[in-house]
Structure formats: C-alpha cells, structure tokens
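Protein chains in written order, with the working numbering: chain A, 394 to 477; chain B, 149 to 876. For each residue, glycine too, the CB sits at the ideal point set by N, CA and C. See below for the structure under consideration.
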C-alpha cells in the first residue's frame, strides 16, 4: 500500500464472536449440540460466529460445560428471553 | 446531607413548575432584591441564594424555633427530598401546633421548595399543591442541603430529658463496628448475581424465592454483638440494596427480576459514607414494610421513618455519653409524634404507662437495638431490671453532624490466606472497601468476629469478569495478608486466570475486513490496535480506538439490524452473485454450507464497481455435490427457501430444488410420441376443445404442437378427414 493513501476497509459492527485458544477447542465447542445451535458458522478455525442476540445463552452454555470464558462487552440484561 | 448530587437538577425542575407570579413572590422573600429579573435569572439567583451562607443565616434568624427544628430534623435524615406527610410528622415532633402552616411559610420564604413531577400542572398557590402532594407519592418537598445544614446549628430543643443512669449490674454491649450492614449487603450482592429473586407485579417476591432468602444463614444470622434478634433481616438488606443502587429491578422482564451491578459500588467507599447512605434508606424501609407481604408476623407493625429520625435527633440533644432508657424514649414519642400523640398522652408517666402501645415498644427496640445499633449510631446497655438503655455513639454524632467523625482504627493486614484457599478476615481490619473488593472474587462462608471466605474457580472467574485482573487479585491479597501468600493459592489463581483466557466471547465486536492481506498488513504497520483473525479480517475491541483518518470506509454492516438482501441468482439458477459492499460475515459462512466459491475467470458475468483492486461482487455456485453435502448436514428445502427469501427476496430456484429433492417421489419416463403440428394456435385450440378430437390428443406440447399416440393416429386422421381437414 502506498504510504499516506487511505486503506479501503469494510466495517462490521456489533458482531458476536467466540474466539478460542486453538482449533481443537473450537471443534469441541461445535460438537456440543446446544452450543452449535447458536453458532452461525466458523469464521476461521479459531473463531465462531454467534447468532445476534444469543451471546448470553452461549456464555451460559460455556459455563455449563465448565469453561470460564472472558466476556468482552456487556451482555444485555434479559437477553436469554430474546427470540432467535 | 448525603445524595446532594441530584439536588441542583431537582431544584431547577421544581422551580420550573412554579407559576411566574409565585416564583417572583418566593424570590422576593428569599432574595429581598426588587430588581427586575427574567424567569431564567430568577432561577439562577435563587439557586445561588440557597448556597449563600450569610444570606441563609439571615433568613434562618427570622424563623420561629420550630421552623429551624424542622429543617434540622430534615438535615439529620440525610435527604433533600421529603414527602409532605413526613414533613408534617416532623413538624409535629418539633412542637408546631399547625405543621402545614409552618411548611407553607417555609415554602413562601424560599427555604423549602414544592416539587411536582406532573409537567402539565403549574403551582399557582402552595395551598393548591397540598392535596396533590398528599395523594401522590412522587410529589414532595425539596430542602436545600446548605439551608438544612445551617439550620442544624440553631435547632430548637426537642424536650427529651435525661433519664436516670442504668442501675445495678449493667450489661453494656460492645459498640457496633458499623460493618454488619456492609457485610450483609456484600452477601446480598453476591447472592443476587447467582440467583436473583423474581418479583410479582405488585412488588412482592415470589414465594419460592422469598423462602430462599428467609432461610439464608448469612443474610439472617445475628451479628456477633447484636443486642436483639432481628426478624427477617434479609428484608432490610434487600431494601437497602435497592435504595443505594447495589441491586436494581429490571422491569423489562416478566416477571420483574433483580440484578446486581457489575461491582458493589456502594461498598467501595469509606465507612462514614456508607453508613450515611444506609441511614438515609430509613424511609425506604417504611414503604417496604407497608406491603403486608414484606411485613412478617414477627414485626407486624409499620415502620415510622420519621419517628426513627426524631428519636435519634432527640438522643443527639442529650449530653455526650448520657444514657436514656428506651422506656423514656417511648414516653417522649407518644407525646411528640402524631402517630401516637392524642389528647391523653400528656398525662403523667405513671398513668400513661399502662396505655403505651406494645407495638411502639417492639418497634423502638427493633429500631434502636437493631437498625440504629447495627449502623453504629447508638450504643446499648441493659440494667439488672432488663430495661434497655441507649445513647448516641460518637459515630452517630458524626453521622448526624453533631460532631466530628471519630477516626477509625486502621489495620491493613487483616487477612489470613490459607493453603486450602480459605481466607480468614479479622474484623478489626475490615473496611467497606475491602469487603466490596473481596466480594468480587471470594465467596462469603461465614460472618462473625472473624469472617471466612473461600476462593473457588467460579468466584475468581466472576471477579475477573467484574474487571479485576489476576495481578489486581494477587496485589489485594498480598497487601492485606498477615503473612506471605501460600504457593498453592498463587498457583491456583494463575491457573484459573489462564483458563479464562482460553475462550473469549465478544458480545459486540467490531471487525475490519480488508480487500487483501497486504491491506491488512499495511493497516497494522500504521498502528491499528487489532487482533488479526485471518489474512483479511482483524478484530478491534473498542471502536473508539480506530483512527479513521487511515481508512476509507467501503461499507458498514451493523449486525444488530436484520440482514440485507445482497445476493442475486443468475439465470442458470445455480450461480449466486454476492454484492460484497452489502454482504456480511454471516453470509459467507451461510453460503459455505451449500455453495462453492467461483473464481472470477469462471464467472464472466461478474462486472461492477471496484472494491480496492477487487471486484465488488463475488460468485458462488451450487452444484449437485455441494447441495448433497448440505443435505447431509441437515439442510432441507424449507430452510433453503427461508434463506433465499431473506437474502434474495424469492424462493430457492427450481434447479436447487431438483438437486436437493430429485423428482420428489415421481419418476422420469422416456417414450416415443407423434407430434401433430397445427398451422396456428387457433387450430390447435380447436382440436383441444372439440371433444371428438380431444380424446385422441395426449397432451399439448406448445401453442401449436400436440402429441398423439401411434395407435390413435388412424382414427384421428379419419375424424379429421370427416370434417374436411387434411394432414400432410
């Protein structure tokens, strides 16, 4: 890229993601049925794309699996009641 | 007076409800300045006047002693907002014959301000405001904190006389350290995070949730020095938690749920601030216990908030260290407070004693020896006749503004952290701030002279989620531990903190999608603070960190909004053209389930604008193989139809249905047919319409083409010949 020239970019806002330490962990999460239902797809081998508005359900399921996920950004209160 | 932060806005709002003539009259009385002022200037001058100490002192000197007494009690209640009913009760306590006149006169003189939240209502006269203020809970009086504070210096005597000192074998209870309520509130905050109770729409708690709270040992257990047992103490903590904003109700959910803040903010202050905030909750207990469901049988009486303020204020007028019997306070109350005062209450104590309401004595003991004692306001003693005596403590005098707040002992090293991950917290060194911080990452196990807490993976995880770091936790424990932290503890903390780093959930991340890997690398070299996800995608935790001067935004997608229709189906029914400028990340992953990307050379129809150096359209193709794979993954025609409707605006193309469903139960046949070609569509219509010829025609293949079975041909030719039609 030429220095000083603005870099073209597409911005994706308010994306719900799960980022795992490694690909195996992502695969383990996908094999959990109740979690896989909330996953729209696998963006990369370590990144899972979550259905909008379902982050709270994902965090709850991860905790039920014994994981202690770091949550970045606040979870909406009452989000478990949101329609998918 | 605590909670004065919201006074200015409340004051301006209250004055804006005054009619101009009323506002001018009040301003004239307060300012004594006859200059002509605009409404805005009037409000500004009055706002300045209620902070002006010399002016306030001049106005206060002109007041009757009862008026100064009323303002003093309001000051000692530590609130600037009062209901008219409460103000009337306090006016009676200070000896006013006509409390309403006293209050209206203070309003006329600009020392109290009438508040009315109804924006349509304008106060023309204060008399007109009174009925609304008595009927609406939200209407009330504002007392400027500075005025109340200055009035407290010249309060009228409340008439409580010092009783005899306790006699005989006196049991003096150790003064409360004031930590009992902060500790219970910390427990409440933790509990509300794990299992918040649900509330019915009229305010009561669901029975099952209520029973859990009632049986909770930490919320209800007596304190180590409590003089009396407190029935259903959890209710106090619950109300106080709500009043001070430690927990709150979410009315958006059904049923209403209770939520805990991310941090126990109230507790992250010094002890005097916390105790003042809790003392100011006194009136919330009254409204809580006014609901029968919340008023258990053990209490079974109202909670007269103003009586509590009056009693403590009266104790404050006794010489420091002077005991007063609870019995004498009861006599004083029945003669002063309108809840009990009647014609006969001025009689001598001997005649009045048999008629003292039992509920008054019960409440006084609960209030003084429970609530006020726990807050550290009073000290308690019991004489050999089992009669209770109380006196205002130095902390109490500090809270009421009657003296300096005593300096509290400071023992920073008060935690014994044990290898089994249990922490013993010696009470002498605890502070609300330490209690609040420990509550963020430890579970309270027991409360007593030495409290115990437990470090668990879950508690530490929750602490990290409140914003603490592994280093913060270690530092706090090291700072307050009486000896070096055991290796097992530091190791466990490190392990648990590392475990949390294995999975990160982003609730609302910002992703940058670059047209090429080079573009992404260029952005990184210019200092983009991002986490690289792949060769074209980078994640930014805070969008504010982006330097937009470095970027040219080609498109923006918000995932909080419904997905865009950004896909077109080409005429072949299997090739999909994606408008990259409108597409989202979900689309890419959705497409991967049933289509394969097509390179630009294989998709000559792709033409359009440029996205960087790339085409702004991408192509995907659905093949029998890709759709077979999709079907094996559980995708069916209905799901695809739904996807095509959302993304293209129409149903799945027939070719896709063919690949997915085949012939859907039917089968294909190959057969030999004769085609009868008519010279025009009209002739073909006639052959189809005439019943004699129609029976020989198998089906219409096109506007002029009809199919005929070989065996029927001779009969059809004979028929046509009979009507004069020849066939070549």
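Query                                                                                                                                                                                                       : Result
Is the CB of residue 533 of chain B under 8 Å away from at least one CB in chain A?                                                                                                                         : no
When you compare the CB positions of residue 866 of chain B and residue 844 of chain B, do they come within less than 8 Å of one another, or not?                                                           : no
Once the 5 residues before and after residue 315 of chain B are set aside, which same chain residues still bring their CB inside 6 Å of it?                                                                 : 531
Scan the segment 686 to 701 of chain B for residues whose Cβ lies nearer than 8 Å to a Cβ of chain A and list them as they occur along the chain.                                                           : 687, 689, 691, 697, 698, 699, 700 and 701
Quick one, are the C-beta atoms of residue 488 of chain B and residue 516 of chain B less than 8 Å apart?                                                                                                   : no
Using only the alpha-carbon positions, how far apart do residue 430 of chain B and residue 447 of chain A sit?                                                                                              : 41 Å
How is the beta strand (DSSP E) around residue 199 of chain B delimited, first residue to last?                                                                                                             : Residue 199 of chain B -> no beta strand (DSSP E), and no H or E assigned at all.
Could you spell out the range, first to last residue, of the alpha helix (DSSP H) harbouring residue 397 of chain B?                                                                                        : Not the alpha helix (DSSP H): residue 397 of chain B falls in the beta strand (DSSP E), residues 395 to 398.
Looking only at C-alpha atoms, which of B:483, B:385, B:705 and B:842 sits nearest to residue 433 of chain B?                                                                                               : B:385
What does residue 467 of chain A touch in chain B if you count any residue whose Cβ is under 7 Å from its own?                                                                                              : 655
Going by beta carbon distance, what residues of the same chain come within less than 6 Å of residue 563 of chain B, once the five residues before and after it are set aside?                               : 571, 573, 628 and 629
Would you call residue 237 of chain B buried or exposed, if buried means 16 or more other Cβ atoms sit within 10 Å of its Cβ?                                                                               : buried
Which partner residues does residue 429 of chain B have in the DSSP bridge list?                                                                                                                            : In DSSP, residue 429 of chain B forms no bridge with anything.
Identify, in the order they occur along the chain, each residue of the same chain with its Cβ nearer than 7 Å to the Cβ of residue 448 of chain B, setting aside the five sequence neighbours on each side. : Caution applies to residue 448 of chain B, whose pLDDT of 49 falls short of 50 and renders its modelled position unreliable; the value that the coordinates give is listed next. No residues qualify anywhere along the chain.
Take residue 409 of chain A as the anchor and find which of B:848, B:733 and B:777 has the nearest alpha-carbon.                                                                                            : B:733
Rounded to whole angstroms, what's the CA-CA distance from residue 411 of chain A to residue 422 of chain A? Just pull it up for me.                                                                        : 10 Å
Residue 168 of chain B: which of B:273, B:221 and B:706 sits nearest, CA to CA?                                                                                                                             : B:273
Please state whether DSSP places residue 654 of chain B in a helix, a strand or coil.                                                                                                                       : strand
Using the beta-carbon count (16 or more within 10 Å), is residue 822 of chain B buried or exposed?                                                                                                          : exposed
Can you list, in chain order, the residues of its chain whose CB lies under 7 Å from that of residue 626 of chain B, leaving out five sequence neighbours each side?                                        : 633
Residues in the same chain with beta-carbon distance under 6 Å from residue 905 of chain B, minus the five sequence neighbours each way, listed in chain order, please.                                     : The structure shown has nothing for residue 905 of chain B, since chain B only spans 149 to 876.
Under the DSSP definition of a beta bridge, which residues are partnered with residue 825 of chain B?                                                                                                       : B:853
Please identify the residue among B:258, B:245 and B:682 whose C-alpha is closest to the C-alpha of residue 190 of chain B.                                                                                 : B:258
Out of B:239, B:670, B:739 and B:802, state which residue places its alpha-carbon closest to the alpha-carbon of residue 721 of chain B.                                                                    : B:802
Can you pull the chain A residues whose beta carbon is under 7 Å from the beta carbon of residue 708 of chain B, in chain order?                                                                            : 407 and 445
Is the segment 290 to 306 of chain B close to the segment 456 to 465 of chain B, with three or more CB pairs under 8 Å?                                                                                     : yes
Can you give the beta carbon distance from residue 577 of chain B to residue 560 of chain B, rounded, assuming they're within the 8 Å contact cut?                                                          : 7 Å
Which residue's Cα is closest to the Cα of residue 438 of chain B: B:672, B:450 and B:460?                                                                                                                  : B:450
Can you confirm whether residue 425 of chain A, when its beta carbon is compared against all beta carbons of chain B, has any partner nearer than 8 Å?                                                      : no
Just curious, the beta strand (DSSP E) that residue 536 of chain B is in, first and last residue?                                                                                                           : 536 to 540
Use the C-beta contact count for residue 474 of chain A: other C-beta atoms within 10 angstroms, 16 or more gives buried, fewer gives exposed.                                                              : Confidence at residue 474 of chain A is low in this model, with a pLDDT of 31, below 50, so its placement is unreliable and the value that follows should be read with caution. With fewer than 16 other Cβ atoms within 10 Å, it is exposed.
Would you mind reading off the limits of the beta strand (DSSP E) that contains residue 443 of chain A?                                                                                                     : 440 to 443
Span of the beta strand (DSSP E) holding residue 702 of chain B?                                                                                                                                            : 699 to 706
Which residues bound the beta strand (DSSP E) around residue 747 of chain B?                                                                                                                                : No beta strand (DSSP E) holds residue 747 of chain B; DSSP gives it neither H nor E.
Going by CA-CA distance only, name the one from B:156, B:161 and B:202 that's closest to residue 178 of chain B.                                                                                            : B:202
Using the beta-carbon count (16 or more within 10 Å), is residue 914 of chain B buried or exposed?                                                                                                          : Residue 914 of chain B is absent from the structure shown; chain B starts at 149 and stops at 876.
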